[in-house]
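Chemist:
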Amino acid sequence: MTSVKEVEKLGRQKGLKVVPGIEISTYRGEAEYHILGYFVDPENDALLGLTEAILDSRVERTHKMIEKLSELGYPLEFADVKKYATGVSLGRPHVARAMVDKGYIEEIGDAFTEEFIAGGGKAYVEKKNVLPVEAIEVILKAGGIPVIAHPYIINHGEALDKEEIARLKNLGLKGVEVYQTKHNEKITKKYKQIAEELDLLITGGSDYHGENSPGILPGDRGMTEAEFEKLESYAHSVL
Numbered sequence: 021m022t023s024v025k026e027v028e029k030l031g032r033q034k035g036l037k038v039v040p041g042i043e044i045s046t047y048r049g050e051a052e053y054h055i056l057g058y059f060v061d062p063e064n065d066a067l068l069g070l071t072e073a074i075l076d077s078r079v080e081r082t083h084k085m086i087e088k089l090s091e092l093g094y095p096l097e098f099a100d101v102k103k104y105a106t107g108v109s110l111g112r113p114h115v116a117r118a119m120v121d122k123g124y125i126e127e128i129g130d131a132f133t134e135e136f137i138a139g140g141g142k143a144y145v146e147k148k149n150v151l152p153v154e155a156i157e158v159i160l161k162a163g164g165i166p167v168i169a170h171p172y173i174i175n176h177g178e179a180l181d182k183e184e185i186a187r188l189k190n191l192g193l194k195g196v197e198v199y200q201t202k203h204n205e206k207i208t209k210k211y212k213q214i215a216e217e218l219d220l221l222i223t224g225g226s227d228y229h230g231e232n233s234p235g236i237l238p239g240d241r242g243m244t245e246a247e248f249e250k251l252e253s254y255a256h257s258v259l
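Okay, so the sequence shown: first residue is 21 according to the numbering used here, each after it adds one.
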């Protein structure tokens, strides 16, 4: 959330609307649910408390992965990894880039194998276990709109069905990311119907994560103007 004010300033200069948002990785058992928060207050204490705890855990996690890789014969220093984190958050992609830099692997994707840091891999370390309900509650406290991201693509779990999305709605979920670069036309239609039947907001995005998203660019997928206006109107009604 540290860059929100700077981006809002740039948005004003370019005549663009900027939506303060966040994506929080959460877990239900082995399944990883990504919870999006639209129109959050970046200075909300509850939100800052959760993000700071997550960031601290990411630093600790990175140190542990470095230790495991060193034990496997691929020594790294924390500084080797940290230099690739342009923001405040550290993650496996930064470890992977450091491994490429050291010549241990040829491409970033080579690190995401059982030999290295893929889920369950020899040097893998679990993330801080945030529950979906925790993320939803914090986003609501921050005046935001909690939305389930890419419901068809759930790491270590099945695609979400209507029953599970309804359960999340009972926990406070307000929307479904219907449009997504990994959702084909059939999947998009399915989740749009579920969102409409459950009276949930419809959102969309490219899921662009910089160099870690080859072949994807910002704006590749998104909601319609009418759907955005509905989302924005809802945000203003609850803020």
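We put the CB at the ideal spot given by N, CA and C, even for glycine.
1) On the premise that residue 176 lies in contact with residue 197, defined as a C-beta separation below 8 Å, what is that separation, rounded to the nearest angstrom?
2) Considering only residues of the same chain and omitting the five flanking positions on each side of residue 42, which have a CB-CB separation below 8 Å?
3) Can you check which of these residues, 195, 107 and 96, is closest to residue 243 by C-alpha distance?
4) If I measure Cβ to Cβ from residue 44 and keep anything under 6 Å in the same chain, skipping five residues before and after, which residues do I get?
5) Buried or exposed: residue 258, going by 16 or more other Cβ atoms within 10 Å of its Cβ?
6) State the start and end residues of the unbroken beta strand (DSSP E) segment that holds residue 112.
7) Can you have a look at residue 215 and say buried or exposed, based on whether 16 or more other CB atoms are within 10 angstroms of its CB?
8) Closest to residue 237 by CA distance: which of 200, 174 and 246 is it?
9) Under 8 Å, with one C-beta from each stretch per pair, do the segment 176 to 189 and the segment 215 to 224 reach the 3-pair mark?
10) By Cβ distance, which residues of its chain are closer than 7 Å to residue 174, with the 5 residues on each side in sequence left out?
11) Could you tell me how far apart the beta carbons of residue 134 and residue 123 are, in whole angstroms, since I believe they sit closer than 8 Å?
12) In the DSSP assignment, find the beta strand (DSSP E) that holds residue 105 and state where it starts and stops.
13) Taking DSSP as the reference, what is the three-state secondary structure of residue 226?
14) With DSSP run on the structure shown, which of helix, strand or coil describes residue 40?
15) What residue range is occupied by the uninterrupted beta strand (DSSP E) comprising residue 68?
16) Who are the Cβ neighbours of residue 131 in its own chain at under 6 Å, not counting the five residues just before and after it?
17) Restricting to Cα atoms, I'd like to know which of 34, 107, 49 and 28 is closest to residue 40.
18) Start and end of the alpha helix (DSSP H) containing residue 153?
19) Can you check whether the CB of residue 24 is closer than 9 Å to the CB of residue 62?
20) Whose CA, out of 81, 252 and 86, lies closest to the CA of residue 146?
Modeler: With the structure as the only source:
1) That pair is no contact at about 19 Å.
2) 21, 56, 57, 60, 67, 71, 159 and 164
3) 195
4) Cβ within range, chain order: 55 and 155.
5) exposed
6) Per DSSP, residue 112 lies in no beta strand (DSSP E) segment; the continuous alpha helix (DSSP H) that holds it begins and ends at 112 to 122.
7) buried
8) 200
9) yes
10) 51, 52, 53 and 180
11) Not quite, the Cβ-Cβ distance comes to about 21 Å (not below 8 Å), so this is no contact.
12) Taken as a continuous stretch (DSSP letters only), residue 105 belongs to no beta strand (DSSP E), as it is neither H nor E.
13) coil
14) coil
15) Element bounds for residue 68: not the beta strand (DSSP E) but the alpha helix (DSSP H), 65 to 91.
16) 116, 119, 125 and 137
17) 28
18) 152 to 161
19) yes
20) 81
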